[in-house]
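Chemist: What follows is a single structure, and I will ask about it in a moment.
Protein chains in written order, with my numbering: chain A, 364 to 817; chain B, 364 to 817.
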């Protein structure tokens, strides 16, 4: 479609500048101090959707941050694609590790450095510009609906209420999401699954106040030591997770799928060099790709307790804390695993401490059937613009709302992500390659065309 | 000595107000932002010593914080007592746990609440007021020297240099220190030993940047998990320390000493209630008093890594840190144990991470012979004012400079502390009972009199 290419080439600088404006809004959903930024960002998304050609755009208030819904309906007899994305971003901490300010986007070496550049502002915005391309070139072949929420990074606590209350509004034939990565631009791939998530916070309390470690040390349980012992007990010597019943509902991947995964391009030396580690680590009996794809995991996301400032302080602290999350695979249930994690930490607490374990957000694992219409349209679109077959892979991350959409709307989800694993999602110096941004805008109209033709 | 009592009764409010002024200076030696406060505090100590009757007072600059030296020489043929104390205090963090601001002293229920009220401003200041009492009543029976340093809470890194360069200046017959606690005012006691200290900081680095825990989790060593495993490995199931060679140089306490300790007043239920714990914890085969007195310990003083803010962040952090200290008993050596700790953490690091372990300040254990002149004078002074025999006990804390004084000056140290274990040293809501403050001022002149008579 030469018309698309021409239009996009002519407007590429503006497309980029609009994205940069969006990236300047620090829409951090996890921090209450950014509440006003969240509102500004939702307003900006609404404005951009209207300019791109949406017929109507509405900001829906929720119990948390607002959600932006927009649509361009051309013909009720045509198929409808529901685009899901999120305008909220992860916190930018630790700030001192950023090479440039997280909310002052910097273009360097063909990459956009900013919090949210890839996850997910840069990716959902490709759909906005794809809509504009099709509207301006009068080539829309599907109805398009947009559901851009502001709470993905905190677990979408209010999306279910919205979806359940607006089933008719959201009625569609497929959900299209760009919030994942490809192996590389040379090896385009499509995620056929995302992992689920259970996330808990553990608070261990020893004595009722911070104590002098000389006067009391050795006679009272130290909550840091106890917490460390608890964490250490979660993996055995083969890095197998020891929480009772953790693997009960895991559907083992087939030999065929494992063969296919082993054939996907992967260079262990490059992987290690990129991460700066001498050796990899993980569950015995599985490759790195399997460990992050078909296997559930348990990770420590944060830990704190006692004196963490400059110099030395001889304190035996009253409390120690940890943030701990598990990634889940089919058919593990987030609720069941969260309960097992909480019960485990409570059950192994020695009598000298008390343990409070509470739940953060979770989400169910999801898999896209590769014989679904949506998957086939995505594969065809990628073939159109990359000239290569997409490799189906299982992604390690989580998009908790997939199971919700399937259950409430009865439709399949297809992931067409244009990020890279090296994009530093959730890390300092998050980036998104300009090439990938433009390649996404180029490919998405092909998806709509292919989907309409199927 | 009625003259002492009369003088002290008449001036008690002023004594207290002077102490409160001293407590208002946030002389936190560990934090560089308090450098100017340290200088102000040294100046204030100098001024108070001069007002109390010292002949000369000099502020000695060091490579770190200044040291205050003062003296009142009455007769070279009389014995000389060297009073050691420190005007620096521990950091006040965590601030949110204080019921009143740490540097705005509050008198409540007969207690002075402030950082440093007991450790050690309130205690060394008793000696300043005891000097004043003896000078004003013309009853001095010893020469008195004061060495009040500003770096005790960071391990006295520059005291050795000062002592070695000023042996003649510091020449004395005994070192008298009030920086410890009694069992209670009903059961006065004298510390006959303090433990040594080794303090290290461990930094575990996994990947070279914070990673998305979904994309990489399970395939890369998580530094928090590894650090937790390392910490968990430091104690076995009997809470015996597993660091190779840790107990090699421990001189076991005699059966007689253990019998004496068992006879000292101790109520386990009260101890647990005060600390708010259901069960105590510690090395199998030893009582609580033994665990904090005659046994070496290993305590976690701080831990941090990953996301520690509000809400949830799915990060696999690049780094995790811990502050870890050991309390040592005779004849363990701080240098040897520090080296063993560092070597241990480095040796157990798996190949997927790198471990940097570095040293904070340390100090040697010390014991006062109960047949020494200083101990006997202290015991007699306590008998004078409490009307009871003092119980000899081993303290759990550390006063790293004891070994230094003994080695360089060839004299014994005697501890005459008036604090209580419940004074929240190094913790929020540090306090010092008014009764104890005044009892110390009352008792100290008796020490000088008794020491001169021996």
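By construction, the Cβ of each residue, glycine as well, lies at the ideal position given by its N, Cα and C atoms. Every value quoted in this text rests on a predicted model; they were computed, and no experiment measured them.
8 Å is my cut-off, CB to CB: does residue 486 of chain A come that close to chain B?
Modeler: Cβ-Cβ to chain B under 8 Å: no for residue 486 of chain A.
Chemist: Can you name, in chain order, every residue of its own chain whose Cβ lies under 7 Å from the Cβ of residue 719 of chain B, other than the five neighbours on each side?
Modeler: Same-chain partners within the cutoff: 566.
Chemist: Would you call the CB atoms of residue 526 of chain B and residue 793 of chain B closer than 8 Å?
Modeler: In this structure, residue 793 of chain B does not lie closer than 8 Å to residue 526 of chain B by Cβ.
Chemist: From residue 553 of chain B to residue 737 of chain B, what does the alpha carbon distance come to, in whole angstroms?
Modeler: Answer to the nearest angstrom: the Cα atoms are 11 Å apart.
Chemist: According to DSSP, simplified to helix, strand and coil, what is residue 713 of chain B?
Modeler: Looking at residue 713 of chain B - three-state DSSP - the assignment turns out to be coil, as it is neither helix nor strand.
Chemist: Tell me the DSSP secondary structure of residue 387 of chain B in three-state form.
Modeler: If DSSP states are grouped into helix, strand and coil, residue 387 of chain B belongs with coil.
Chemist: Where does residue 379 of chain B sit, in a helix, a strand or coil, going by DSSP?
Modeler: Correct three-state label for residue 379 of chain B: helix.
Chemist: My output table needs one value for residue 644 of chain A: the three-state DSSP class, helix, strand or coil.
Modeler: In this structure, residue 644 of chain A counts as coil in the three-state DSSP scheme.
Chemist: Taking the CB atoms as reference points, tell me whether residue 605 of chain A and residue 598 of chain B lie closer together than 8 Å.
Modeler: Contact flag unset, no.
Chemist: Find the residues of chain B that neighbour residue 724 of chain A, judging by a C-beta separation of less than 7 Å, and give them in chain order.
Modeler: By Cβ distance, chain B contributes 675.
Chemist: Indicate the three-state DSSP secondary structure (helix, strand or coil) for residue 530 of chain B in the structure shown.
Modeler: DSSP places residue 530 of chain B in helix when its eight states are reduced to three.
Chemist: Which chain B residues sit within Cβ distance under 8 Å of residue 669 of chain A?
Modeler: In chain order: 663, 664, 665, 666, 686.
Chemist: For the ligand MN, I want to know if residue 786 of chain A counts as a neighbour, meaning its beta carbon is within less than 7 Å of at least one of the ligand's heavy atoms.
Modeler: Absence of the ligand MN is noted for the structure shown, with no ligands found whatsoever.
Chemist: I'd like to confirm the pairing. Which residues does DSSP put opposite residue 795 of chain B in its beta bridges?
Modeler: In the DSSP output, where bridge partners are listed per residue, residue 795 of chain B has B/475.
Chemist: Would the beta-carbon of residue 536 of chain B fall within 8 Å of that of residue 402 of chain B?
Modeler: No, Cβ-Cβ distance for residue 536 of chain B and residue 402 of chain B is not below 8 Å.
Chemist: Please compile the residues from chain A whose C-beta is within a distance smaller than 7 Å of the C-beta of residue 660 of chain B.
Modeler: Within 7 Å Cβ-Cβ: 580, 581.
Chemist: Cβ closer than 9 Å: which chain B residues qualify as neighbours of residue 562 of chain A?
Modeler: What residue 562 of chain A touches in chain B: 675, 677.
Chemist: With a threshold of 6 Å on Cβ separation, who are the neighbours of residue 504 of chain B within its own chain once the five nearest residues in sequence on each side are excluded?
Modeler: So the qualifying residues of the chain are 811, 812, 815.
Chemist: Examine the Cβ distances between the stretch 541-549 of chain B and the stretch 748-759 of chain B and report whether three or more of them are shorter than 8 Å.
Modeler: Because the criterion of three Cβ pairs below 8 Å is met, the stretch 541-549 of chain B and the stretch 748-759 of chain B touch.
Chemist: Please state whether DSSP places residue 729 of chain B in a helix, a strand or coil.
Modeler: Strand, per DSSP.
Chemist: Counting only beta-carbon separations shorter than 8 Å, does residue 760 of chain A have a partner in chain B?
Modeler: Yes, contact with chain B.
Chemist: Less than 8 Å separating the beta-carbons of residue 386 of chain A and residue 487 of chain A?
Modeler: Going by C-beta atoms, residue 386 of chain A is not nearer than 8 Å to residue 487 of chain A.
Chemist: Which residue's Cα is closest to the Cα of residue 655 of chain B: A/577, A/687, A/656, A/643?
Modeler: Of A/577, A/687, A/656, A/643, the residue nearest in Cα terms is A/577.
Chemist: Taking its Cβ as the centre, do 16 or more other Cβ atoms sit within 10 Å of residue 721 of chain B, making it buried, or is it exposed?
Modeler: Classification for residue 721 of chain B: exposed.
Chemist: Given that residue 827 of chain A touches chain B, what residues does it touch there, using C-beta distances under 7 Å?
Modeler: The question about residue 827 of chain A has no answer here: the residues shown for chain A are numbered 364 through 817.
Chemist: With respect to the alpha helix (DSSP H) encompassing residue 755 of chain A, which residues constitute its N-terminal and C-terminal limits?
Modeler: Element bounds for residue 755 of chain A: not the alpha helix (DSSP H) but the beta strand (DSSP E), 754-757.
Chemist: Is DSSP giving residue 603 of chain A helix, strand or coil here?
Modeler: The answer is coil: DSSP assigns residue 603 of chain A none of H, G, I, E or B.
Chemist: Scan the stretch 773-802 of chain B for residues whose Cβ lies nearer than 8 Å to a Cβ of chain A and list them as they occur along the chain.
Modeler: For the stretch 773-802 of chain B, which is checked against every Cβ of chain A, the residues closer than 8 Å are 784, 787, 788, 789, 790, 791, 792.
Chemist: Beta strand (DSSP E) containing residue 540 of chain A: first to last residue?
Modeler: Element bounds for residue 540 of chain A: 537-540.
Chemist: Give the range of the alpha helix (DSSP H) segment to which residue 819 of chain A is assigned.
Modeler: The shown model of chain A, from 364 to 817, leaves out residue 819 of chain A, and the question about it has no answer.
Chemist: Using Cβ-Cβ distances below 8 Å, what residues of the stretch 440-465 of chain B are close to chain A?
Modeler: The residues in question are 453, 454, 456, 457, 460.
Chemist: Take residue 516 of chain A as the anchor and find which of A/475, A/451, A/544, A/484 has the nearest alpha-carbon.
Modeler: Residue A/451 is the option with its Cα nearest to residue 516 of chain A.
Chemist: Here's the rule: buried if 16 or more other CB atoms are within 10 angstroms of the residue's CB, otherwise exposed. What is residue 662 of chain A?
Modeler: Under this definition residue 662 of chain A is a buried residue.
Chemist: Considering only residues of the same chain and omitting the five flanking positions on each side of residue 437 of chain A, which have a CB-CB separation below 7 Å?
Modeler: If we look at residue 437 of chain A and ignore the five residues flanking it on each side, its Cβ neighbours are 503, 506.
Chemist: Tell me, which residues are paired with residue 421 of chain B by DSSP?
Modeler: Residue 421 of chain B pairs with B/432.
Chemist: Is residue 717 of chain A near residue 568 of chain A, with beta carbons less than 8 Å apart?
Modeler: It is a contact, given that the beta carbons lie within the stated cut-off.
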